[in-house]
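Residue numbers (our numbering): 473 to 698.
Right under this line is the structure:
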């Protein structure tokens, strides 16, 4: 895997410039963050197991509530077992949601997870988060960037267009920007053509609001018992 130094050397070889390594690392970090927003990469999922009859679970350490993309729960003991998505519901007093559905909400530092019929013992729950890149440091150029190898060409083009913009080199900026946008467009088409992550029907009817990930959310008030 290419290191940050390898990427910087290739950038400098393609486009001679006098900007410092530190400045190019700033641009590279900015490009990483933009790419992760576009790619919507998942982090390694967190997991925990249910306890029979228990609806309330502490949010695991390391799980940032505003980065949660989806939660799934094991619904049988098959080999391998089947999982289903748990809808997110905003904790509010605007709408009642029946208990015959899988859903969760957040109560301070806890998940309230509704399971139709009541939670069974030792069923796995997975939490998928938006992955965040680690900032590149000039003190560790021998490490690889957070961007996966297959996207590193886009990362380099992003830095190259920033260098050209800083130099006010309109021709080279347009060249790099065009190549960058073409690769992003190709990538977005491939992402749309991929098979869906879940192979069961998903409710797509509009509800009250949308979450930060674009998923619709409901609003409810949680009672002490189902």
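All residues carry an ideal CB built from backbone N, CA and C; glycine is no exception.
Can you name the residues that DSSP bridges to residue 581?
-> Beta-bridge pairing links residue 581 to no other residue.
Find the nearest neighbour of residue 544 within the set 634, 632, 648 and 554, judged by alpha-carbon distance.
-> When the alpha-carbon of residue 544 is set against those of 634, 632, 648 and 554, the nearest one is in 554.
In this structure, does DSSP put residue 482 in helix, strand or coil?
-> The answer is helix: DSSP assigns residue 482 an H, G or I state.
Which residue from 587, 659 and 500 puts its Cα closest to that of residue 435?
-> With the chain represented from 473 up to 698, any question about residue 435 goes unanswered, as that position is not in the structure.
Just checking my contact of residue 586 with residue 521 at CB under 8 angstroms: how many whole Å lie between their CB atoms?
-> The pair is not a contact, with the Cβ atoms about 17 angstroms apart (cut-off 8 angstroms).
Leaving aside the five residues before and after residue 515 along the sequence, list all residues of the same chain whose C-beta is less than 6 angstroms from its C-beta, in chain order.
-> The answer, listed in chain order, is 601 and 603.
Helix, strand or coil at residue 509 according to DSSP, with G and I counted as helix | The DSSP-derived three-state label of residue 509 is helix.
What are the partner residues of residue 475, as DSSP defines its beta bridges?
-> Residue 475 is not bridged to any residue.
Hey, residue 629 and residue 652 are a contact pair by Cβ (cut 8 angstroms); roughly how many whole angstroms apart?
-> About 4 angstroms separates the two Cβ atoms, so the contact holds.
For the putative contact between residue 518 and residue 599, defined by C-beta atoms under 8 angstroms, what is the C-beta separation to the nearest angstrom?
-> Yes, they are in contact, since the Cβ atoms of residue 518 and residue 599 sit about 4 angstroms apart, within 8 angstroms.
Would you list the one or two residues that DSSP bridges to residue 543?
-> Among the bridge pairs identified by DSSP, residue 543 is matched with 558 and 599.
Pair within 8 angstroms by beta-carbon distance, residue 528 and residue 484 | Contact flag unset, no.
Beta-carbon proximity check, residue 572 vs residue 591, cutoff 8 angstroms | Residue 591 is positioned such that its CB atom lies no closer than 8 angstroms to that of residue 572.
In terms of residues, what are the limits of the alpha helix (DSSP H) holding residue 627?
-> First-last of the alpha helix (DSSP H) with residue 627: 624-638.
Simplified DSSP state of residue 563, which is helix, strand or coil | Residue state, collapsed to three classes: strand.
Can you list, in chain order, the residues of its chain whose CB lies under 6 angstroms from that of residue 659, leaving out five sequence neighbours each side?
-> Correct list: empty, nothing qualifies.
Can you name the residues that DSSP bridges to residue 530?
-> 582.
Decide if residue 631 is buried, meaning its Cβ has at least 16 other Cβ atoms within 10 Å, or exposed.
-> It counts as buried.
Secondary structure at residue 652, three-state DSSP: helix, strand or coil?
-> Looking at residue 652 - three-state DSSP - the assignment turns out to be helix.
Could you say which of 505, 486 and 480 lies nearest to residue 606 if we only look at CA atoms?
-> Ranking 505, 486 and 480 by Cα distance to residue 606 puts 505 first.
Cα-Cα separation, residue 559 to residue 576 = If you take the alpha carbons of residue 559 and residue 576, they lie about 6 angstroms apart.
With DSSP collapsed to three states, give me the class of residue 487.
-> Here residue 487 sits in coil by DSSP.
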